[in-house]
Structure formats: C-alpha cells, structure tokens
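Start counting at 1 in the sequence shown, then tack on 12, and there's your number in this note's numbering.
Just so it is clear, CB atoms sit at the ideal spot from N, CA and C, and this is done for glycine as well.
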Amino acid sequence: MELYDLRVNHLCNPLGYEMNKTVFSWKVKNAVGKKQEAARIRIGELENFETLIMDTGFSKNLSSIASQVDVPLMPCKRYFWDVTVRTDKGEEAVSSVSWFETGKMDEAWHAEWITCDNQQKRHPIFKKKISLRGKVIRARLYICGLGLYEAFYENERIGEEYLTPYCNDYSEWVQYQTYDVTEMLQKEGMLSVLLGNGWYKGRFGFDNPSESGFYGDKWKLRAELSIEYEDGSKDIVGTDESWRVERSNLIFSEIYDGEHRDDTLPKLPEEAAIVCEAEKGKLTARLSTPVTVHEQIKPKELIVTPNGETVLDLGQEFTGIFSLQVKEEKGTKIHIQTGEILQNGNFYRDNLRTAKSEYVYISDGKEKNICPHFTFYGYRYVKIEGMEHLEKDDFTGLALYSEIPETGNVETGNSLVNQLISNIRWGMKSNFLDVPTDCPQRDERMGWTGDAQIFSAAATYLADTYSFYKKYLYDMACEQKTRGGKVPQVIPNFGKEGTSSVWGDAACIIPWNLYLFYGDQTILEEQFESMRSWVDYIRRTDQKNHCWRQEFHYGDWLALDHPTGGENGFLGGTDERFIADVSYAVSAGIVKKAAHILGLEKEEAEYGAVENAQYEWIQQEYYTATGKCCIRTQTAQLLTLKYHLSENEEEARKMLRILLDESDGKLRTGFVGTPLLCKVLSENEMDDLAYELLLNEEFPGWLYEVKLGATTIWERWNSLDKNGCISGTQMNSLNHYAAGAVAEWIFRYAAGINMDETDISKAGFKAVKFTPRLNQTLGYAKASYESAMGLYACAWEFEDETHVKVSVQVPFGGKAQLIIPEAEKSIFDNKENPMFADVRDGICYLTAGDYTVEYTIEKKPASYSIDTSMRKLLEQKEIKKFIGSMIPLETLPREFMPMSLRKLAVQFGGAQEEQLEQINEVLKKF
Ligand code: BGC
13 MELYDLRVNH
23 LCNPLGYEMN
33 KTVFSWKVKN
43 AVGKKQEAAR
53 IRIGELENFE
63 TLIMDTGFSK
73 NLSSIASQVD
83 VPLMPCKRYF
93 WDVTVRTDKG
103 EEAVSSVSWF
113 ETGKMDEAWH
123 AEWITCDNQQ
133 KRHPIFKKKI
143 SLRGKVIRAR
153 LYICGLGLYE
163 AFYENERIGE
173 EYLTPYCNDY
183 SEWVQYQTYD
193 VTEMLQKEGM
203 LSVLLGNGWY
213 KGRFGFDNPS
223 ESGFYGDKWK
233 LRAELSIEYE
243 DGSKDIVGTD
253 ESWRVERSNL
263 IFSEIYDGEH
273 RDDTLPKLPE
283 EAAIVCEAEK
293 GKLTARLSTP
303 VTVHEQIKPK
313 ELIVTPNGET
323 VLDLGQEFTG
333 IFSLQVKEEK
343 GTKIHIQTGE
353 ILQNGNFYRD
363 NLRTAKSEYV
373 YISDGKEKNI
383 CPHFTFYGYR
393 YVKIEGMEHL
403 EKDDFTGLAL
413 YSEIPETGNV
423 ETGNSLVNQL
433 ISNIRWGMKS
443 NFLDVPTDCP
453 QRDERMGWTG
463 DAQIFSAAAT
473 YLADTYSFYK
483 KYLYDMACEQ
493 KTRGGKVPQV
503 IPNFGKEGTS
513 SVWGDAACII
523 PWNLYLFYGD
533 QTILEEQFES
543 MRSWVDYIRR
553 TDQKNHCWRQ
563 EFHYGDWLAL
573 DHPTGGENGF
583 LGGTDERFIA
593 DVSYAVSAGI
603 VKKAAHILGL
613 EKEEAEYGAV
623 ENAQYEWIQQ
633 EYYTATGKCC
643 IRTQTAQLLT
653 LKYHLSENEE
663 EARKMLRILL
673 DESDGKLRTG
683 FVGTPLLCKV
693 LSENEMDDLA
703 YELLLNEEFP
713 GWLYEVKLGA
723 TTIWERWNSL
733 DKNGCISGTQ
743 MNSLNHYAAG
753 AVAEWIFRYA
763 AGINMDETDI
773 SKAGFKAVKF
783 TPRLNQTLGY
793 AKASYESAMG
803 LYACAWEFED
813 ETHVKVSVQV
823 PFGGKAQLII
833 PEAEKSIFDN
843 KENPMFADVR
853 DGICYLTAGD
863 YTVEYTIEKK
873 PASYSIDTSM
883 RKLLEQKEIK
893 KFIGSMIPLE
903 TLPREFMPMS
913 LRKLAVQFGG
923 AQEEQLEQIN
933 EVLKKF
C-alpha cells in the first residue's frame, strides 16, 4: 500500500502561496483494502516531527480529497506534514514527508518600491551586491517587479518561471513570488533583476492601442532577501536607494509585438535607484501557478518559400518563446517573425492583426544563444531574416504554459480523432498561460470569460486545473467588487467593461465545475460572494420586466445558423434573449446548490426561488402549450434537453433529429450549443448522431479541421476554406480552445468515464458512472483519468464485428456503476466474473479494483426502416439504388431530405400500406 500525491491547497509542496485556508489531500494505491477507514495528519516544524504543531489523531472524518484543517500559521515558515491511512482491511501506511511554506502573510516589508529614469528605452537591471556574514542556512527572496521581472544571482537565473509576477488587475492586487535561494547564497555575489513591460505597462487590450501601459508607466521593483546564518542571526536586504541601475541591451518588449535586443549598445554609467510610491494594488502572496518551459520543439523542416523567405516549420502550433543559436558579424540585424500557417506556401500572418509578434536582434559578433524574456508567441512557423548561416537545429521552440499536470488521456482506433484530441490538448496548453485566454497569437490574448467557462469541464478532464482557475476566479471576484457584481467579459479586465450572459456566467459555472471534479468545497466558500453577486447583478438588471435579456448578449457566438450573418458572421441563429434567460436560471440554480453545500439555508431558498421563477418564465415565453420550443435551432433543442425546459422532451428530440437531417447531419452550433451537442445526444439515446458529428470529415466539423492539417483548435468552423485558404482576418485564430469542449463528451461517453453529477455527495469523483458507447468505426477507445480520488480507467474494443472487450478500473476509495454497452442480459449470469458480484437493474456496482469482460454484442434492431429519414437512407449506396428505382431522386428537393421514406412514398408514389410493409422489409435487411 502506497500513499501518493500529497497536496496542500491542491499544490505539491507549495512555497510562498497565499494561504487563507489549509486543505490537505492525498491518494492511496496498491492496497488490499478497498477504502480508507481512518486517517491521521501530523504537522510539525521539523522534518522528523519532534515538535508537533498538530496531530489530528486517527479520525474517520478526514477526507482524502479535501480535509480543511485549521493550522495556526506564522509568516515565512516551512511546515512539514505527513499522513497515515488505515484501510477497511486494517492495513496502515505512512506517507513520505511533505511540506508547505508560508509567504510574508501580514508581515511588514523591509523594502521600498524603487524605480529609475523611465524615459530611457533600455530596460533596467536593478542590482545589489550581497555580502554575507557567515554560513547561510536559509535564504529566501520575496520579490515583485513591474511590468515583468526576471531575477538573477551571479548571472544565474533564480527559479525557472517566465512572465512573473503574472497578469492581474494590478490596480486591485499584485503578486509577489518567493524563491528558495539558499543554495545560491553559499557565496557572495550580485543580485540583479531585469525588468520588462508586459501586461502592466505595455500595449495590451483593445482600448489601449498606444505604447503606454494600461496599469502603469514606470518600471518598479520591490524585493526582500532574507538571509539566515548558522549562528541564528539574520540579515534582510531590501530594495532602497542603495540599489544601482544598469541598462540592459533590451530596448523594446511587448506582449503583442515581441522584443528587440541590441548587443552593440555601449555600456552606460550606472544610475542610483529612486524610491517611488507604492503600488495601488495590494501586494499579495502568489496564487498563480508557475509558468515554465515544457516541451522543447525542434523544427521539422527548413523551407525556402516561393517568395524566397526562409521559414522554419515546427510541425505543431503552440505558445511560447524560442532559443536560437546565432553567430553573425557584428552589426548584423536578425529579424524573426512568427505565424500560424503558410498561404500558397508563403509565410503569412495577416490574421494576427496589429500584433507584430517579432524578435529583433543586433549582433555584437559573438556566438550565443538568444531567447526572449518578456513576450510570448502563438506560432508554428517562424520566418527568419538576416542570418547568413541558419541550420534548422539552431532553433528550438519552447512551449510556455502554467503548471497544469496532465490527468486525462484518451486514445481511440481512429487516427483523425486521436489528432483531434491532441489538438484540443495543445489548444489548452497554448491558452493556459497564467490566464485562460481566447487565443495566444493576435492582438487579443485575453481572459475572455465565455471561452473559459465553455472549456472548463473539458480542460479539467485533461489536466489538473484547480489552482489555475482558482487564481482566475480570484481575479474575477476582484473585478466584480468594484462593479456591483457585474462580471466584465474579460478578466483581468483591461478596460473591456461590457458583459454578456454565458460569458459572465463563468462566475458560477467554473467554481461549480471545480467543485464537481475535486469535491473541495473551499472553492465554493471562496467564490460564493462572487457567484451570488453575479446573479444579483442579473436580478437587478432584470427587474420585473425581464430586462436582462434586452441587454447585449453574444449568444451562440460563431454559430453557422444566423439568417444574415451566415458562416462568416458572428452571432448565431438562436435568439440571444432565450439563451440569456436560460443562463440566468442555470446560474441561479448553481448558487442555490452551492448554498446548500455550504449550509446557507436562507440563500438556498432565495436562489432556489429565483431559479424556479425563471424556469417558469422560460416555459411561458418560449414554449407552446404542448411543450414545443418556439426557437427552431439545434442549440435551442440542446438547451431544452440539457436543462429539461419542456415536459415534452420527445418533441425536442424529434426536432433535433430533424434539424440535423436538414443540415446533412452537420452541426450549426456556436459557443453555447457546441459544448452541449454530443453530450445531449448521448444522454438522449442518440449516440448514432453524436458519433456521426464526431466522425464527419467535411465542413463543418472537428475532423474537417484535422484533415486540413490543424494542430490546434480553430476559432471558426471555417477558419480555413476547403482549399486551405484563410477565410478572413478580422477575427480568425487557429488556436482557440472553445470548440475543443467536445473532449468532455469524449471522456464521458465515447470512452465512458462519466462523472456522476446527479448526486452531489459524489463530487470529487467519489463515484463515477462508466457509460462507454460503442462505435464500429471508432474501433476502440481507452481512457484514464487521474481524479481527486485516484485513477479511473475505462476501455472498450471491438475484437471483431460482434465481439467486444470492456475493462474498467476503480481507484482505492472510489465507486462505480457500469452499464455494459449493448450486452444481452445473460451476461450477468457469469457469477465468476467479479464485475457481476453486485448487479442491480442491469447496472454493475463496483468498488476499487480492475475488471474485464468479453462478450458478444446484442443483436441490434435493424438500422433502417421506412421511417428513417431520406438523408440517412440515401447515405447508403445500395439503399440509394433501391429507392432510386421507385422515386426520381434527381428531382427530389433538398428540403425533403429530413422526411421519412414513408411520407414521400405515400405522397409522391401513392404507396399503399401493403407496399410500404414490403419496402420496410427490404430496408431492414441492409
Ligand atoms: C474572442 C472570443 C471572445 C469574443 C467575444 C473574441 O474576440 O476571441 O473568443 O469570446 O471575442 O465574443
């Protein structure tokens, strides 16, 4: 038996994070027992636990997924902890020792904010010689530099993080980071800090096209180096006017526009640092998880384009920087630009709009490796000018993203689907750079709330997102405080004041998803005010006359069914007012559920009443007396079914089928409908249509993108036209994650690891429903998910046309229900198989363990009948021939395709009952 994945506040050995609460979690594997009987947490000041601060003793109440323990914490202190678990079989195991270390908490800073002459373009390096009085046993650097900073000791980089202190609404709060520099301080040396412009003082956001910063116009630094010696004495070196300023060779740095470095510049005389006013935003311990270099990507090919450009193809679109080995003559100017795609074989970047996305380097003649500091690029192709000798291996792409440990994996028997899954994962990595962004390449790269909420469940299957979203949600709560609960559409805000339903509903949906996935109610405690104040904002706007829906709403953004907008438009065909009204009810319902979990009875009743009233209004306003939705779009039917808006769900199912037939089995959905599409189909016994949508290779669809060479997810279904040409440049990114939301369905249904949302007590994957859905074309699907509870896995495979193998795995402490797909009832008679030890109503109830079954699939009812739609029938060549012999298909109007053959045969062929029966018999045989 082994204990693993020990975390505090969902982080592994966190150093210097904000810690209002301390939540402990752990996992168990290789145990004989099935679940935890009791656990004991010890917390001490020393690794050997000689002096204990806390010992919970064995307790049945400590949950392995989230145990909030009140620990009296001191600032700047490391605490050690371990956990002992006793299982239901009496085994016991102790974990290895973990730790967490507090930041400065409320301790005063012994450091001033300092600045320098800000007229100078050359970026400053603030520095201070560090003298030591003896052997250093502990040293910590607490630091925040604005816009962005990188710190060095004796020219060696401190830590591995990029783009610190990260992106916030700096007028609200600013993060400092803590580094353990004990090793480095074993010798005296120079502490230096290079500053860049970044989000704080650079050009960023729509409303700030100039070069001046949105939040500030000065480079600023506050740093405190705390040194402890062997003899127990301490030194603190803080920023003040004794620090010196040297000018670097960086003369330009911008998030959108890249960086310029001139190594021929002369050394300038040092300046004295200037003490300056404190930042308005509260200097706070970090919440951001580290942004570091992950994949290192070597170019696949060096291309000389028809236009004569030298271009490197990295084979994968991603977000990050690069390193380039250069050795050019003194004064040589190297110009590097990035792009997402080639057009007619040539370098292309018009869709980056005003973002220059470049790097300019002037060589001093020495051989070296150059690497940007204060920018990032969303790219696959790199155009390089000015290099005499360029080998493709001189260049390395460095993927930058926040720490989001991989948790979910899926593989299928279809290589295009596998590429799609890879594209979705890269879409996530590319847009999880401190803030969940819409895209990483053009002059936007902002925390659009709608995109973030739509993708949050898919992302949380793929990776551990708790801490990443927690920071974003904190940013959101900050922005709401000064806006009466309104959630601006972009977080951190950067002047985008407007809001919209679905977008602002991120305030409720993301924390709720985190609760469902991780089972830690801390996120609800922390966000409750934000969630509630968003719904209150809608309530105030809505008044008694349903005014909320009259505001501007993005609606089913980028759907294909707008009557005038069409495929290149922005808005969808589903009435935005309907979407706004539904989202309002959904958010109110989430606040109600959160209140229930937090034991807030009054609020539970209050928001429950808002939710009910809103659902009643929706029924009155948008549904006929017989329960038919008045809005005839795919997305409207999906919302109807997902939120049970009509008592006549059969009507919505029928309508959804008709609408899909009308569009040739293709989707027409945008930001609202797409995440629901396959999920709702599978939840309504229409797996056939869900798979048809997934596996469709034509426009519009996920595999259409894959077939056109996409390596990430596009913003628009038609970002590229069939001929590979970009369809427009106004709003067209090739790296937007929103449509990648389909990954949630792939995990839940195609592969079958389905989170049980119906029972809130199961949150945190205490239990799953395995609901794999077989598909001959896909061949197999195997998925694993490292949940808060441990590893769940589910796999199915067609061994031949009729034989299937299904295997599942349930972790220690976990539970599962398994519905074996397409199996005859007799399968349960095999009592030898532990899978069938507990079967009730055709469902296998499972506890921790591995289970496998091989079986012959149930004989399926015939796929085709006289009542099948013409579209479906005509897809099959043989059937088409058969029907063609009865009905002149060439003259059949396209609009008739959703109709059944029965209708057409009666209407146009005058077919009688007997004849229809004969045709039916023939069709059943196909
Ligand atoms: C972004 C979107 C965003 C939208 C608002 C765009 O510019 O890229 O993804 O949600 O604006 O509708």
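- Query: Going straight from the alpha carbon of M667 to that of R551, what length do you get?
  - Reply: Taking the first residue of the sequence shown as 1, we reach residue 667 at position 655. Taking the first residue of the sequence shown as 1, we reach residue 551 at position 539. Whole-angstrom Cα-Cα distance: 32 Å.
- Message: Taking a contact to mean a Cβ-Cβ separation below 8 Å, would you say W255 touches K139 in this structure?
- Response: As a position in the sequence shown, residue 255 is number 243, starting the count at 1. As a position in the sequence shown, residue 139 is number 127, starting the count at 1. Yes.
- Query: Who are the near neighbours of E890 in its chain, counting only those whose CB is closer than 8 Å to its CB and skipping five residues on each side?
  - Reply: Translated into the one-based positions of the sequence shown, residue 890 becomes position 878. Counting only Cβ-Cβ distances below 8 Å, and skipping sequence neighbours, we find F938.
- Message: How far does the beta strand (DSSP E) with K380 in it extend, from its first residue to its last?
- Response: Here residue 380 refers to the residue found at position 368 when the sequence shown is read from its first residue. Taken as a continuous stretch (DSSP letters only), the beta strand (DSSP E) holding K380 covers 380-382.
- Comparing alpha-carbon positions, which option in G343, D554, F582, Y634 lies nearest K378? Here residue 378 refers to the residue found at position 366 of the sequence shown. Checking every option, the nearest Cα to that of K378 belongs to G343.
- Message: Determine whether the beta carbon atoms of F264 and E321 lie at a separation below 8 Å.
- Response: Along the sequence shown, one-based indexing puts residue 264 at 252. Along the sequence shown, one-based indexing puts residue 321 at 309. Result no, Cβ atoms of F264 and E321 do not sit closer than 8 Å.
- Message: Along the chain, where does the alpha helix (DSSP H) containing T534 start, and where does it finish?
- Response: Numbered from 1 along the sequence shown, position 522 holds the residue referred to as residue 534. 534-554 is the extent of the alpha helix (DSSP H) around T534.
- As assigned by DSSP and simplified to three states, the class of Q4: The shown model of the chain, from 13 to 938, leaves out residue 4, and the question about it has no answer.
- Message: I'd like to check one pair, F590 with I670: are the Cβ atoms closer than 8 Å?
- Response: On the sequence shown, position 658 is the one that residue 670 refers to. On the sequence shown, position 578 is the one that residue 590 refers to. The answer is no: Cβ separation not under 8 Å.
- Can the beta-carbon of R234 be found less than 8 Å from the beta-carbon of C156? Along the sequence shown, one-based indexing puts residue 234 at 222. Along the sequence shown, one-based indexing puts residue 156 at 144. In contact: R234 and C156 (Cβ atoms closer than 8 Å).
- Item | ligand 1 heavy atom lying under 7 Å from the CB of E456 | Mapped onto the sequence shown, residue 456 falls at position 444. Yes, the Cβ of E456 comes within 7 Å of a heavy atom of ligand 1.
- Report all residues from its chain with a CB closer than 7 Å to the CB of V316; omit the five preceding and five following residues, and keep chain order. Translated into positions along the sequence shown, residue 316 becomes position 304. Only T322 meet the Cβ criterion.
- Query: Between the Cα of Q829 and the Cα atoms of C806, T814, V816, I839, which residue gives the shortest distance?
  - Reply: Here residue 829 corresponds to residue number 817 of the sequence shown, with the count starting at 1. It is C806 whose Cα lies nearest to the Cα of Q829.
- Item | Pairwise C-alpha distance: D699 and Y655 | For the purposes of this step, residue 655 is taken as the residue at position 643 of the sequence shown. For the purposes of this step, residue 699 is taken as the residue at position 687 of the sequence shown. When rounded, the separation of the alpha-carbon atoms in Y655 and D699 is 19 Å.
- Query: Quick one: is the Cβ of G764 within less than 7 Å of any heavy atom of ligand 2?
  - Reply: Only ligand 1 can be found as ligands here, which leaves ligand 2 out of the picture.
- Would the C-beta of D10 count as close to ligand 1, meaning under 7 Å from any of its heavy atoms? There is simply no residue 10 to check, as the chain begins at 13 and stops at 938 in what is shown.
- Query: Should D841 be counted as a contact of ligand 1 given a C-beta to heavy atom distance under 7 Å?
  - Reply: Reading the sequence shown from its first residue, position 829 is the one you call residue 841. No, since every heavy atom of ligand 1 falls outside the 7 Å radius drawn around the Cβ of D841.
- Task: Kindly examine ligand 1 and report whether one of its heavy atoms sits closer than 7 Å to the Cβ of H748.
- Result: The sequence position of residue 748 within the sequence shown is 736, counting from 1. Yes, Cβ of H748 sits closer than 7 Å to a heavy atom of ligand 1.
- Rounded to whole angstroms, what's the CA-CA distance from W714 to A750? Just pull it up for me. Reading the sequence shown from its first residue, position 702 is the one you call residue 714. Reading the sequence shown from its first residue, position 738 is the one you call residue 750. Rounded to whole angstroms, W714 to A750 spans 12 Å at the Cα level.
- Query: By how many angstroms is the C-alpha of H401 removed from the C-alpha of D376?
  - Reply: In the sequence shown, counting from the first residue as 1, residue 376 sits at position 364. In the sequence shown, counting from the first residue as 1, residue 401 sits at position 389. Linking D376 to H401 through their CA atoms gives a straight-line distance of about 16 Å.
- Message: My output table needs one value for T472: the three-state DSSP class, helix, strand or coil.
- Response: In the sequence shown, residue 472 corresponds to position 460, counting from 1. Taken through DSSP and simplified to helix, strand or coil, T472 comes out as helix.
- Task: Buried or exposed for M488, please, with buried defined as at least 16 other CB atoms from any protein chain shown within 10 angstroms of its CB.
- Result: As a working note, residue 488 is residue 476 in the sequence shown. Buried is the call here.
- Between the C-alpha atoms of I609 and V816, what's the straight-line distance to the nearest angstrom? Residue numbering aside, residue 609 sits at position 597 when the sequence shown is read from its first letter. Residue numbering aside, residue 816 sits at position 804 when the sequence shown is read from its first letter. Looking at the two C-alpha atoms, the distance is approximately 41 Å.
- Query: Exposed or buried, S773, counting other C-beta atoms within 10 Å across all chains shown (16 or more means buried)?
  - Reply: Sequence index remark: in the sequence shown, residue 773 carries index 761 (1-based). By the neighbour-count rule (16 or more Cβ atoms within 10 Å), S773 is not buried but exposed.
- Return yes when the Cβ of T34 is within less than 8 Å of the Cβ of V83, no when it is not. Here residue 83 refers to the residue found at position 71 when the sequence shown is read from its first residue. Here residue 34 refers to the residue found at position 22 when the sequence shown is read from its first residue. Yes.
- Option in G250, C559, V95 with minimal Cα separation from L11: Nothing about residue 11 can be read from this structure; the chain reaches only from 13 to 938.
- Message: Restricting to Cα atoms, I'd like to know which of S75, D181, D841 is closest to V503.
- Response: Position 491 of the sequence shown, counting from 1, holds the residue named residue 503. At residue 503 the sequence reads Ile, which differs from the Val that was named. It is D181.
- Item | Residue burial classification, F564 (beta-carbon count within 10 angstroms, cutoff 16) | Within the sequence shown, the letter at position 552 stands for residue 564. Looking at its Cβ environment, which holds fewer than 16 other Cβ atoms inside 10 Å, F564 is exposed.
- Query: According to the neighbour-count rule (16 or more other Cβ atoms, all chains shown, within 10 Å of its Cβ), is M86 buried or exposed?
  - Reply: Here residue 86 corresponds to residue number 74 of the sequence shown, with the count starting at 1. Exposed, by the Cβ-count rule.
- Item | The beta strand (DSSP E) enclosing K395, as first and last residue numbers | Counting from one through the sequence shown, the residue named residue 395 turns up at place 383. Residues 389-397.
- Message: According to DSSP, is D487 part of a helix, a strand, or is it coil?
- Response: Reading the sequence shown from its first residue, position 475 is the one you call residue 487. D487 falls in the helix class under three-state DSSP.
- Message: Is any non-hydrogen atom of ligand 1 found closer than 7 Å to the C-beta of D517, if you look at the structure I gave you?
- Response: Counting from one through the sequence shown, the residue named residue 517 turns up at place 505. Answer for D517: no, Cβ out of range of ligand 1.
- Are the Cβ atoms of V718 and L428 separated by less than 8 Å? Position 706 of the sequence shown, counted from the first residue, corresponds to residue 718. Position 416 of the sequence shown, counted from the first residue, corresponds to residue 428. It is a contact, given that the beta carbons lie within the stated cut-off.
- Message: Which residue marks the beginning of the alpha helix (DSSP H) containing A518, and which one marks its end?
- Response: Position 506 of the sequence shown, counting from 1, holds the residue named residue 518. Per DSSP, A518 belongs to the alpha helix (DSSP H) from 518-530.
- Please classify M909: does DSSP put it in a helix, a strand, or coil? Numbered from 1 along the sequence shown, position 897 holds the residue referred to as residue 909. The answer is coil: DSSP assigns M909 none of H, G, I, E or B.
- Proximal residues to M847 (C-beta, below 6 Å), its chain only, five neighbours per side dropped: Here residue 847 corresponds to residue number 835 of the sequence shown, with the count starting at 1. Closer than 6 Å at the Cβ level, and outside the excluded window around M847, lie C856, Y863, V865.
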